[in-house]
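S.K.: Residue 127 in full-length UniProt numbering sits at position 127 of the sequence shown, and the numbers go up by one each step. Ideal placement from N, C-alpha and C gives every residue a C-beta, glycine not left out.
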Amino acid sequence: MGPVTGEETRTVRLRLDLAYDGGRFAGWARQPDLRTVQGELEAGLSTVLRSAPRGDPRPRVTVAGRTDAGVHARGQVAHVDVVAGALTAVRGRSDRDDVDALLTRLAGVLPDDLVVRAVHRAPDGFDARFSALRRRYAYRVCDDPATRDPLRRGWVLWHRRPLDVAAMDAAAGTLVGRHDFAAYCKPRPDATTIRTLEAFGWSRPDAGPDAGLVVAHVQADAFCHSMVRALVGASLAVGEGRRPVTWPREILDGRVRHGGATVVPAHGLTLEEVTYPSDDELAGRAEQTRARRSAADLSGPPLAPGCCG
Numbered sequence: 001m002g003p004v005t006g007e008e009t010r011t012v013r014l015r016l017d018l019a020y021d022g023g024r025f026a027g028w029a030r031q032p033d034l035r036t037v038q039g040e041l042e043a044g045l046s047t048v049l050r051s052a053p054r055g056d057p058r059p060r061v062t063v064a065g066r067t068d069a070g071v072h073a074r075g076q077v078a079h080v081d082v083v084a085g086a087l088t089a090v091r092g093r094s095d096r097d098d099v100d101a102l103l104t105r106l107a108g109v110l111p112d113d114l115v116v117r118a119v120h121r122a123p124d125g126f127d128a129r130f131s132a133l134r135r136r137y138a139y140r141v142c143d144d145p146a147t148r149d150p151l152r153r154g155w156v157l158w159h160r161r162p163l164d165v166a167a168m169d170a171a172a173g174t175l176v177g178r179h180d181f182a183a184y185c186k187p188r189p190d191a192t193t194i195r196t197l198e199a200f201g202w203s204r205p206d207a208g209p210d211a212g213l214v215v216a217h218v219q220a221d222a223f224c225h226s227m228v229r230a231l232v233g234a235s236l237a238v239g240e241g242r243r244p245v246t247w248p249r250e251i252l253d254g255r256v257r258h259g260g261a262t263v264v265p266a267h268g269l270t271l272e273e274v275t276y277p278s279d280d281e282l283a284g285r286a287e288q289t290r291a292r293r294s295a296a297d298l299s300g301p302p303l304a305p306g307c308c309g
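1) Taking the C-alpha atoms as reference points, what is the distance between LEU252 and ALA283?
2) Which of the three DSSP states is assigned to VAL245 in this structure?
3) Indicate whether SER203 and ASP169 have their beta-carbon atoms separated by less than 8 angstroms.
4) Taking just the CA atoms, how far does ALA19 sit from PRO111?
5) What residues in its chain sit with their C-beta under 6 angstroms from that of ARG136, if we drop five residues either side in the sequence?
6) Measure the CB-CB distance between VAL12 and ARG96 and report whether it falls below 8 angstroms.
7) Just to confirm the assignment, what range does the alpha helix (DSSP H) spanning ARG136 have?
8) Expressed to the nearest angstrom, what Euclidean distance is found between the alpha-carbon atoms of PHE14 and VAL116?
9) Check whether the region 87–103 touches the region 229–240, taking contact to mean three or more Cβ pairs, one atom from each stretch, closer than 8 angstroms.
10) Are the CB atoms of ARG74 and THR270 nearer to each other than 8 angstroms?
11) Can you grab the Cα-Cα spacing for the pair ALA89 / LEU114, in whole Å?
12) So, with DSSP's three-state summary, where would you put VAL20?
13) Which runs of the beta strand (DSSP E) fall wholly inside the region 18–71 and span at least 3 residues, in chain order?
14) Quick one: using the 10 Å Cβ neighbour count with 16 as the cut-off for buried, is THR289 buried or exposed?
15) Hey, does ARG105 have any beta-carbon neighbour from chain D nearer than 8 angstroms?
16) Can the beta-carbon of CYS185 be found less than 8 angstroms from the beta-carbon of CYS142?
17) On the three-state DSSP scale, how would you describe LEU269?
18) Under a three-way DSSP split, which group does LEU231 fall into?
19) Output needed for VAL176: all residues of its chain with C-beta closer than 6 angstroms, excluding positions within five of it in sequence on either side, in chain order.
20) On the premise that GLY92 lies in contact with residue 320, defined as a C-beta separation below 8 angstroms, what is that separation, rounded to the nearest angstrom?
21) Mind checking GLY27: buried by the 16 CB within 10 Å criterion, or exposed?
22) Restricting to Cα atoms, I'd like to know which of SER46, PRO145, GLY23 is closest to GLY212.
23) Helix, strand or coil for VAL156, going by three-state DSSP, please let me know.
24) Starting from GLY108 and walking both ways along the beta strand (DSSP E), at which residues does that stretch end?
25) Could you tell me which of ARG152, GLU281, THR192 sits nearest to PRO209, measuring between CA atoms?
26) What is the residue span of the alpha helix (DSSP H) that ASP169 lies within?
27) With DSSP as the reference, please indicate the residues paired to PHE200 in a beta bridge.
28) Over the uninterrupted alpha helix (DSSP H) stretch that includes VAL90, give me the two end residues.
29) Need the endpoints of the beta strand (DSSP E) that ARG178 sits in, please.
30) Would you grab the beta carbon distance between THR36 and ALA29 for me? Rounded to a whole angstrom, and I think it's under 8 angstroms.
31) Compute every distance between the C-beta of VAL228 and the non-hydrogen atoms of the ligand COA, then say whether any falls below 7 angstroms.
Here's what the structure looks like:
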């Protein structure tokens, strides 16, 4: 074996596109003695890249949006920096591209509720978290026994009362914009609750896989802790007729956590998509996002990319 070269020891940043069923995970973030998405993914990468036998650092993954326990994803994005020599070694004697070989090998070691759908060499300046422009979630509810499907119980919330979708959609529209969402977020020390809610609406599709369900689509630059599920909880109160259409906005303007905006169960929530700018704008977007974390905005708190649901 020849001497190790600088080319072999340099790091390569990879973009990973992920999907997972969150039902048996204690959320995204690595935690001692708990099964998490990050923990399983990093263990799989370490195995395939042979990090320990090679004496390389264990891979550390950065994600676009940390999902809570029980939340699913079909459009999650992460990045990881790997040693170039380890990546090259994955393909063995085959003539396949390194990242194609890595994708195939990961499929063989990861659990069946976590899938890496694609691996790409990341463009210059790419950061899965800070380069992201927006995250889009969907929350699915079934309110009709005739369409209740036990095969979908792991990702659709069963709601016993019929819902007025038009009222829910009208109420959701009043929350769109840049606001302090303190009333809809679990407080965290030194964390801002200011977010730009770019889209929030409810519909009952009449075709496709969601036909008959009541579905929320929620999109923002970032989310604070439990924000999406609290927004859904307030919407359900309107849909049942327990609260007027104006009520969710009144809670928002009060900027105080309200018990009526129940945080609904996690299993109905899915991260559908993370959007990024063009390759030549990735580094600038990441720099701008990091700077905004320490810059005053609106009433003063710093901005930060949040988690998820």
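M.R.: This is what the structure holds:
1) Rounded to the nearest angstrom, the two C-alpha atoms are 34 angstroms apart.
2) In this structure, VAL245 counts as coil in the three-state DSSP scheme.
3) If you check the CB distance, SER203 and ASP169 come in under 8 angstroms.
4) The straight-line gap separating the alpha-carbon atoms of PRO111 and ALA19 is approximately 12 angstroms.
5) So the qualifying residues of the chain are GLN219, GLU272, GLU273.
6) Not closer than 8 angstroms, so no.
7) Taken as a continuous stretch (DSSP letters only), ARG136 belongs to no alpha helix (DSSP H), being part of the beta strand (DSSP E) at 134–142.
8) The question names Phe, yet the displayed sequence has Leu at residue 14. Cα to Cα, the separation comes out at about 12 angstroms.
9) With the cut-off at 8 angstroms, the region 87–103 and the region 229–240 do not touch.
10) In contact: ARG74 and THR270 (Cβ atoms closer than 8 angstroms).
11) Rounded to whole angstroms, ALA89 to LEU114 spans 24 angstroms at the Cα level.
12) The sequence given here has Tyr at residue 20, not Val. DSSP, reduced to helix, strand and coil, places TYR20 within a strand of the structure shown.
13) Within the region 18–71, the complete beta strand (DSSP E) runs of at least 3 residues are 61–63.
14) THR289 is buried by the Cβ-count criterion.
15) The structure shown contains no chain D; it is built from a single protein chain.
16) The beta carbons of CYS185 and CYS142 sit no closer together than 8 angstroms.
17) It is a strand residue.
18) LEU231: helix per DSSP, three-state reduction.
19) For VAL176, where only same-chain residues beyond five positions count, the Cβ hits under 6 angstroms are LEU197, PHE200.
20) No information on residue 320 is available, as it lies outside the stretch 1 to 309 that the chain covers here.
21) With 16 or more Cβ atoms within 10 Å of its Cβ, GLY27 is classed as buried.
22) The option with the nearest alpha carbon to GLY212 is PRO145.
23) Of the three classes helix, strand and coil, the one that applies to VAL156 here is coil, per DSSP.
24) First-last for GLY108: 98–109, but that is the alpha helix (DSSP H), not the beta strand (DSSP E).
25) Of ARG152, GLU281, THR192, the residue nearest in Cα terms is ARG152.
26) 165–173 is the span of the alpha helix (DSSP H), which, as asked, contains ASP169.
27) Listed as beta-bridge partners of PHE200 by DSSP are VAL218.
28) Annotation: the continuous alpha helix (DSSP H) that includes VAL90 extends over 84–90.
29) Here the beta strand (DSSP E) through ARG178 covers 177–180.
30) Yes, they are in contact, since the Cβ atoms of THR36 and ALA29 sit about 6 angstroms apart, within 8 angstroms.
31) Of the ligands one can find in the structure shown there are none, so the ligand COA has no counterpart to examine.
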